[in-house]
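Residue numbers (this note's numbering): 7 to 293.
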């Protein structure tokens with residue numbers, strides 16, 4: 007895992023790679039220090055999956071790639087390594103504080119649901135992971151990403167579907183597991199209140215076809231248990247603790263007990279499925 011610098015504390019509340027946050031704000035704000043922990047453990051869980059899709063879609067020397075809502079540096083660095091010096095990787099986020107300028111990829115501040123596409127019609131691959139689920143105008147964001155593709159280029163979108171599998175512990179065999187599931191419900195309620203679509207992942211194939219892409223396909227990834235799941239869960243609860251308390255959805259005793267159970271290794275924690283969907287912008291020879 008790659009560590010990242012602490013973000014600018016005055017950067018404000020943002021939806022990474024997406025729309026400017028509403029007055030209610032983005033729950034998992036990447037201007038918070040805990041975001042760095044979350045980026046690291048999400049990378050541990052899902053970067054191998056994402057890199058496998060890059061390989062399948064032909065990312066290699068000379069590729070031009072746009073990483074949307076990059077968050078941390080891991081995926082831009084992986085794309086830059088694959089594209090090599092003859093390629094080009096652009097990493098954007100509405101708050102790019104965690105990204106490293108001069109690390110083999112270009113960094114820009116960009117709002118995918120409000121700004122025009124950078125370098126339209128030029129990218130071999132456009133990728134967004136765990137971004138669009140939080141963006142209010144998802145159709146506009148998808149259209150922006152499609153417009154950035156060259157004819158024949160690929161769009162890869164990966165988003166969670168927390169309604170498809172809402173539990174923290176599949177094996178709710180005791181009070182600690184049932185408490186974990188109650189607290190996961192509380193986090194899902196907060197996300198829904200902030201405008202997240204908890205069923206978005208399953209809609210991705212249809213959304214990509216509606217955006218005009220062809221050869222659309224999708225797969226799901228479903229990690230169950232292990233240290234990375236545990237540490238991601240702990241970082242998430244440290245991140246949203248204040249919001250849970252303010253909303254009356256949990257109390258300090260519950261959250262402390264849950265964090266203690268995680269630290270003691272008592273829980274087999276899991277995540278919502280990550281749905282990875284991809285499609286190709288039609289080229290002239292497709293007609």
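Note that CB positions come from ideal geometry on N, CA and C, so glycine has one too.
As assigned by DSSP and simplified to three states, the class of residue i
{"i": "residue 200", "result": "coil"}
{"i": "residue 114", "result": "strand"}
{"i": "residue 69", "result": "coil"}
{"i": "residue 63", "result": "coil"}
{"i": "residue 275", "result": "strand"}
{"i": "residue 292", "result": "helix"}
{"i": "residue 7", "result": "Because the pLDDT of residue 7 is 37, which lies under 50, any placement of that residue in the model is unreliable, and the number read from its coordinates should be weighed accordingly. Three-state DSSP puts residue 7 in coil, outside helix and strand."}
{"i": "residue 30", "result": "With a pLDDT of only 44 at residue 30, under 50, the local geometry of the prediction cannot be trusted, and the value read off the model is given with reservation. The answer is coil: DSSP assigns residue 30 none of H, G, I, E or B."}
Cβ shell of residue i (< 7 Å), same chain only, five flanking positions each side left out
{"i": "residue 56", "result": "81, 135, 164"}
{"i": "residue 125", "result": "154"}
{"i": "residue 304", "result": "The structure shown does not extend to residue 304, since the chain is modelled only from 7 through 293, so no value can be given for it."}
{"i": "residue 202", "result": "139, 140"}
{"i": "residue 182", "result": "267, 272, 273"}
{"i": "residue 63", "result": "131, 160, 162, 284"}
{"i": "residue 205", "result": "167, 169"}
{"i": "residue 59", "result": "162, 282, 284"}
{"i": "residue 253", "result": "196"}
{"i": "residue 265", "result": "240, 243"}
{"i": "residue 198", "result": "204"}
Limits of the unbroken beta strand (DSSP E) element including residue i
{"i": "residue 96", "result": "94 to 99"}
First and last residue of the uninterrupted alpha helix (DSSP H) at residue i
{"i": "residue 221", "result": "No alpha helix (DSSP H) holds residue 221; the beta strand (DSSP E) holding it covers 220 to 227."}
{"i": "residue 244", "result": "233 to 252"}
{"i": "residue 280", "result": "Careful: residue 280 lies outside any alpha helix (DSSP H), inside the beta strand (DSSP E) at 280 to 286."}
{"i": "residue 212", "result": "210 to 216"}
{"i": "residue 257", "result": "Looking at the DSSP string, residue 257 is not in any alpha helix (DSSP H), and its letter there is neither H nor E."}
{"i": "residue 85", "result": "80 to 89"}
Contacting residues, own chain, Cβ-Cβ under 8 Å from residue i (five flanking each side not counted)
{"i": "residue 68", "result": "89, 90, 92, 93"}
{"i": "residue 112", "result": "94, 95, 96, 97"}
{"i": "residue 102", "result": "76, 113, 114, 115"}
{"i": "residue 65", "result": "71, 85, 88, 89, 130, 131"}
{"i": "residue 149", "result": "217"}
{"i": "residue 215", "result": "222, 285"}
{"i": "residue 156", "result": "70, 127, 128, 129, 130, 287"}
{"i": "residue 176", "result": "230, 274, 276"}
Residues near residue i by beta carbon distance below 6 Å, same chain, minus five either side
{"i": "residue 53", "result": "80"}
{"i": "residue 174", "result": "186, 187, 190, 275"}
{"i": "residue 144", "result": "138"}
{"i": "residue 227", "result": "55, 280"}
{"i": "residue 51", "result": "229, 234"}
{"i": "residue 220", "result": "286, 288"}
{"i": "residue 237", "result": "47"}
At 3 residues or longer, and completely inside the stretch 119 to 190: list those beta strand (DSSP E) runs for me, N to C.
129 to 135, 155 to 166
Three or more beta-carbon pairs under 8 Å between the stretch 180 to 197 and the stretch 150 to 164, yes or no?
At 8 Å Cβ cutoff, the stretches do not touch.
Any chance the stretch 100 to 110 sits against the stretch 135 to 145, with 3 or more Cβ pairs inside 8 Å?
When Cβ pairs closer than 8 Å are counted between the two stretches, the stretch 100 to 110 is seen not to touch the stretch 135 to 145, the count staying below three.
Between the stretch 273 to 289 and the stretch 166 to 183, are three or more C-beta pairs nearer than 8 Å?
yes
Could you tell me whether the stretch 113 to 123 touches the stretch 95 to 104, using the rule of 3 or more Cβ pairs below 8 Å?
Yes, they touch.
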